Every structure is written in C-alpha cells, then in structure tokens.
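Chemist: With the sequence shown counted from 1, adding 1 to any position gets you the working numbering. Ideal placement from N, C-alpha and C gives every residue a C-beta, glycine not left out. As the structure is a computational prediction, the values presented were derived from the model and not from experiment. Once you've had a glance at the structure underneath, I'll fire off some questions.
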Amino acid sequence: MQLFFGDLIPHAPELLSGLWISVLVTLAAVVIGAPLGVVVYLLRASELRIFRVFGASYVEIIRNTPLLLQLYLIYFALPSAGVNFDPLTAGIIALSINNSAYLAEIYRAGFEAIPRGQSEAAAALGLSRTTTFWRVRVIPAMTNVLPSLTNQIILLFLASSIASIVAVPELMHVMMGITTTTFRTIETFVVGGLMYFVVALLIALASRLVEARLFPWKVA
Numbered sequence: 002m003q004l005f006f007g008d009l010i011p012h013a014p015e016l017l018s019g020l021w022i023s024v025l026v027t028l029a030a031v032v033i034g035a036p037l038g039v040v041v042y043l044l045r046a047s048e049l050r051i052f053r054v055f056g057a058s059y060v061e062i063i064r065n066t067p068l069l070l071q072l073y074l075i076y077f078a079l080p081s082a083g084v085n086f087d088p089l090t091a092g093i094i095a096l097s098i099n100n101s102a103y104l105a106e107i108y109r110a111g112f113e114a115i116p117r118g119q120s121e122a123a124a125a126l127g128l129s130r131t132t133t134f135w136r137v138r139v140i141p142a143m144t145n146v147l148p149s150l151t152n153q154i155i156l157l158f159l160a161s162s163i164a165s166i167v168a169v170p171e172l173m174h175v176m177m178g179i180t181t182t183t184f185r186t187i188e189t190f191v192v193g194g195l196m197y198f199v200v201a202l203l204i205a206l207a208s209r210l211v212e213a214r215l216f217p218w219k220v221a
C-alpha cells in the first residue's frame, strides 16, 4: 500500500469548510453552555432543597449518559413530540447541554476552593459587596478553573465530531465523504487528525496567553 496525499489537494476547500463548521459549532456550544452552566451551578448552590436536587440531578444525568444518546434524543426522539430541529441546531443544542453540566461542576470546584475567610476579611476591611464578589470570589475562582475550562473547550471541540452522525457538515462528516470518493482513507484521517490537533493546540496556547495577561502572578 502506497500513501499519496496529492488526491486530497482538490478537497482542501471542503476540509477547511468542515473545520470552520466544527469551530462554529464549538463556539456556539460555549456561548450557550457557559451561562447555562452558571445557572445550573447556582441551582446546585441554592439554599432551597428543590433547586439543589434539580441542579444535581441535571448534572448527574447529563454527565452519566453518552453525548451521542443526548443528540439522538434531540434529533430523532423530539420530532415524535412535534419538536423538530435541523441537524446543525440539534448538534449545537446537544453540545451546549452537555457542556453546561461539565461547566457547572468546574464552576462549583472553583468557587468552593475559595476559603470563606476571604469574604469575611473583605467585609472587615469595608469592601463593598460588588468589589468583594469580583476581587475576592470571581477572580480567584477564575484562576483556579481556567485550565479546566480550557480542557473542557478542547474536549468540546473534539466532541463536535459526533454531530457528523446527523449529517452536520463539520470536519468529520467531510472526511467521511472524501474517503468514499478518493478511497484515501488513511491519508484523509491523518490530515483531518492534524487539523483537529492544530486547532486544539491553538486553543491551549490562547488559554496560556490569556492566563499570562489576566493572572501574571500565577504564571510567574
């Protein structure tokens, strides 16, 4: 067997288009999942038992069922109840819901790692509630969770390939189509894998830059 990557050159625009769709799906899932994760975290941290139970149940159900199953439920099962989504929307919704459950746990870990004594010290110093919230709770929490958030975004980007199952024209779907026309299976998956790797690496590097800019004391 002889490898030949030249057959993929005419398909470069398709691969780049598929990669762009993968990135867009990931960005959409982050934009939707991040605030939803905050809501779920607040439910879990609520003083009302019913909210805590609902938040905890949401997290456990989403985290302990396959993302593919969640996508199938949204795309194939909901139409039987009269709710229809196109493939791209269904993929974004599934990834957003899945992402929110993991982000809620990341937020919880970040905030619970901050000693309560810091807030009490801020109050003793006469700091306002707003200043205390941002400087004593949010910023320290962000320094704790930024690496985990970065890992979650990378995993989310890689998981976007699941959307190919419902014909979302993202990178994996494009790769599968190319293999059926060129029969260059190994070459196609190697190139596609490198494209996934490069984007994931760029996300990690961007996170390091953000961390160095916002939290220089931590990097140093």
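Please return the same chain residues whose Cβ sits closer than 7 angstroms to the Cβ of V167, not counting the five positions on each side in sequence.
Modeler: Within the sequence shown, the letter at position 166 stands for residue 167. Taken in chain order, the residues that qualify are L72, Y76, P88, A91 and G92.
Chemist: Beta-carbon separation of V31 and L157 under 8 angstroms?
Modeler: Reading the sequence shown from its first residue, position 30 is the one you call residue 31. Reading the sequence shown from its first residue, position 156 is the one you call residue 157. Their beta carbons are under 8 angstroms apart, which means V31 touches L157 by this criterion.
Chemist: Within the same chain, show all residues whose beta-carbon is closer than 6 angstroms to that of R64, passing over the 5 residues directly before and after it, in chain order.
Modeler: Translated into the one-based positions of the sequence shown, residue 64 becomes position 63. Cβ within range, chain order: A102.
Chemist: On the CB-based measure, 16 or more other CB atoms within 10 Å of its CB, does I51 come out buried or exposed?
Modeler: On the sequence shown, residue 51 is found 50 positions in, with the first residue counted as 1. It is exposed - the Cβ of I51 has fewer than 16 other Cβ atoms within 10 Å.
Chemist: As a quick exercise: from E15, N145, T66 and V191, pick the residue whose alpha carbon is nearest that of N99.
Modeler: Counted from its first residue, the sequence shown places residue 99 at position 98. If we check each option's Cα against that of N99, T66 comes out closest.
Chemist: Whole angstroms are fine: how far does the CA of V169 sit from the CA of L74?
Modeler: Taking the first residue of the sequence shown as position 1, residue 74 is located at position 73. Taking the first residue of the sequence shown as position 1, residue 169 is located at position 168. The straight-line gap from Cα to Cα measures roughly 16 angstroms.
Chemist: Where does V146 land, buried or exposed, given buried means 16+ other C-beta within 10 angstroms?
Modeler: Indexing the sequence shown from 1 puts residue 146 at position 145. Buried is the call here.
Chemist: Is it the case that the Cβ atoms of Y28 and T183 are separated by a distance below 8 angstroms?
Modeler: On the sequence shown, position 27 is the one that residue 28 refers to. On the sequence shown, position 182 is the one that residue 183 refers to. The sequence as given places Leu at residue 28; Tyr does not occur at that position. At the C-beta level, L28 and T183 stay beyond 8 angstroms of one another.
Chemist: Please classify T214: does DSSP put it in a helix, a strand, or coil?
Modeler: By one-based count along the sequence shown, residue 214 stands at place 213. A small correction: the amino acid at residue 214 is Arg; Thr does not occupy that position in the sequence shown. In the structure shown, R214 sits in a helix (DSSP, three-state: H, G or I).
Chemist: In whole angstroms, what separates the C-alpha of G34 from that of S81?
Modeler: Mapped onto the sequence shown, residue 34 falls at position 33. Mapped onto the sequence shown, residue 81 falls at position 80. One C-alpha to the other measures close to 26 angstroms.
Chemist: Please report the Cβ distance between L104 and Q153, rounded to the nearest whole angstrom; I am assuming they are in contact, meaning their Cβ atoms lie under 8 angstroms.
Modeler: Translated into the one-based positions of the sequence shown, residue 104 becomes position 103. Translated into the one-based positions of the sequence shown, residue 153 becomes position 152. Their Cβ separation, rounded to whole angstroms, is 6 angstroms, which keeps L104 and Q153 in contact under 8 angstroms.
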